[in-house]
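This report refers to the structure that appears directly beneath it.
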Amino acid sequence: MDSIFIPKKKGKEVRNLDSYTAAYGNVINPADNSIIDEVIVLVMKAPSTYTKEDVVEIDCHGGMQIMKDILHVLTNLDNISSKNNRRSDKENIHPKVRLARPGEFTERAFLNGRIDLSQAESVMDLISAKSEIAAKTALSQLKGDLKNKIISIRTDLIHNIAFIESALDDPEHYSLDGFQEELSDILQDKKQEISHLIKTADNGKMMKEGIQTVILGKPNAGKSSILNVLTGKDRAIVTDVAGTTRDTLEEFISINGIPLNIVDTAGIRDTEDVVEKIGVDKSILAMEQADLILYIIDSSVPIDDNDIQIMEKIKDRQVIILSNKSDLKNVINEEDIRKYLDNKIIEISAKEQYGFEELYDELNRMFFKGKLSYNDEIYITNARHKQALENALSSIEMAIASIEAGMPEDFYTIDLMSAYEQLGYIIGESVEDDLVDTIFREFCMGK
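The opening residue of the sequence shown carries number 478 in my numbering; numbering runs sequentially from there.
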């Protein structure tokens, strides 16, 4: 590093700097001693770094060309002739320098024991968070909330496994009398803890990926206009011609911190148009996969068979009814809608853009106080974690069943060890190298 960094003040060479100190100077090209940029160099020495390895950080001026020039010099140190170097050949032996692979810094932090695997995965979640809630959830896991919970459950399991093994090997000093009942109570507690974590997975998925929200209605109800208002841009084509939208349109937005993955759909109606029918089929599929449905009714025209058909399909779903075109003369009242649906009804006008604050308030109520709740508890946002928890739960349930059936102790220790290992997959205590490589390949470059 000293072969390309010339400090402004003598004695501030990189090799002389203490950990967590900085020096001001120039980065040069050793090939011709030309100055590339004025920079600040930060030195962080192991083990008190993110990766628990020595780290040198160069803070240069903004601009892609300067960064490219510095990276070019760093990655070509071995090819630069030593005749222009200021120190002996021995001092100028450089390790091979290369660009980091995607996720390599976080992978090194994991492999060196700086963080566990769940924390490593939360780094990527934090980087890609699309809303305040998603960021808070990722930050909670990065702080180690999930890791600590998993370690606590595993500690209890391995303690009881060890006690059983000790009692079987040395019955004179360790007695298993009455232990089955005690262990059964412990496992019931662990079962409840794991079950609770699994139950958070649906909300966790929505926090991470957004609430899958489908805008539904018959043709010309104003669905695309409402999408444009929600996104704040002309995302969808709007005309007076019914059936303009032939395909689904997706857009991610955050409303008061609530992440919504909004899907605008083709109007649902009986049609002989082949292309429009494909759009209708896709609308029905999107409806079936939705976490939340915004059902749009055109309040300026009477309810017809298309409306009734849609309302029959969305019964017993999470629905907010938006009575659109309220700026026109209304021919539909609340009682007309209540014959088919008993959900929240909000009068709205996409043209005049009123009623949306009430919609936002309703989303806030549903998300924070209803079925889509959020608080400071641990949320499972990773499908891999959920699968491991479900496997661990299954093993604990089998151990409980073995105890209730009066099976020998060494029989159900097999299931307890299986649960212990499954939980270990979450934090990386028992995970294959190829899985680790796969996880970190999904990271952004240089993270």
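Each residue gets a CB set at the ideal place from its N, CA and C atoms; glycine is no exception.
Selection from the options that minimises the alpha carbon distance to residue i
i: serine 826; options: Ala882, Arg794, Glu834; result: Glu834
i: isoleucine 628; options: Ser599, Asp546, Phe656, Glu670; result: Glu670
i: glutamine 657; options: Asn493, Lys682, His538, Ile641; result: Ile641
i: glutamine 682; options: Lys863, Thr915, Val908; result: In the sequence as displayed, the identity of residue 682 is lysine instead of glutamine. Checked all of Lys863, Thr915, Val908; the closest Cα to lysine 682 is Lys863.
i: isoleucine 855; options: Met601, Ile505, Met894, Leu616; result: Leu616
i: asparagine 859; options: Asn841, Ile675, Glu839; result: Ile675
i: leucine 840; options: Met788, Val740, Ala499, Val796; result: Val796
i: isoleucine 688; options: Asp768, Ser605, His636; result: Asp768
i: glutamate 659; options: Leu634, Leu799, Pro484; result: Leu634
i: valine 908; options: Glu886, Ala878, Ala865, Glu874; result: Ala865
i: isoleucine 904; options: Leu693, Lys529, Arg861; result: Arg861
i: threonine 690; options: Val518, Ile663, Ile798, Met875; result: Ile798
i: lysine 626; options: Ser595, Leu645, Asp647, Asn637; result: Ser595
i: methionine 894; options: Asp910, His636, Ile692; result: His636
Cβ neighbour criterion (16 or more within 10 Å) applied to residue i
i: serine 652; result: exposed
i: asparagine 680; result: buried
i: valine 808; result: exposed
i: methionine 884; result: exposed
i: aspartate 622; result: buried
i: glutamine 766; result: exposed
i: glutamine 927; result: Residue 927 cannot be examined here, being either before or after the span of the chain that is shown, 478 to 924.
i: tyrosine 772; result: buried
i: aspartate 717; result: Because the pLDDT at aspartate 717 is just 45, under 50, the model does not fix this residue reliably, and the point stays unresolved.
i: glycine 709; result: exposed
i: isoleucine 891; result: exposed
i: serine 850; result: The pLDDT assigned to serine 850 is 49, lower than 50, so where the model puts this residue is not dependable; a value taken from the coordinates is nonetheless given after this. Serine 850 is exposed by the Cβ-count criterion.
i: aspartate 602; result: buried
i: asparagine 738; result: buried
i: isoleucine 770; result: buried
i: proline 736; result: buried
i: threonine 574; result: According to the sequence provided, residue 574 is valine. The question's threonine does not apply to it. Classification for valine 574: exposed.
8 angstroms contact criterion, which residue i and residue j should meet: CB distance rounded
i: methionine 929; j: alanine 597; result: Past the boundaries of the shown model lies residue 929; the chain is included only from 478 to 924, so the question cannot be answered.
i: serine 496; j: serine 525; result: 7 angstroms
i: lysine 821; j: serine 777; result: Actually they are not in contact, since the Cβ atoms of lysine 821 and serine 777 sit about 21 angstroms apart, beyond 8 angstroms.
i: isoleucine 703; j: asparagine 783; result: Not really, about 18 angstroms apart at Cβ, beyond 8 angstroms.
i: serine 643; j: isoleucine 880; result: Rounded, the Cβ-Cβ distance is 18 angstroms, inconsistent with contact.
i: aspartate 775; j: asparagine 697; result: 7 angstroms
i: isoleucine 780; j: aspartate 813; result: 6 angstroms
DSSP beta-bridge partners of residue i
i: alanine 499; result: Leu519
i: proline 484; result: Gly502
i: valine 532; result: Met521
i: valine 740; result: Val691, Glu727
i: lysine 821; result: Ile797
i: tyrosine 772; result: Leu693, Ile798
i: isoleucine 735; result: Ile732
* Would the stretch 540-548 and the stretch 588-596 be scored as touching if the rule is three or more Cβ pairs under 8 angstroms? -> no
* Would you check if the stretch 896-904 and the stretch 858-875 touch, i.e. whether three or more CB-CB distances between them fall below 8 angstroms? => yes
* Three or more beta-carbon pairs under 8 angstroms between the stretch 598-617 and the stretch 725-744, yes or no? -> yes
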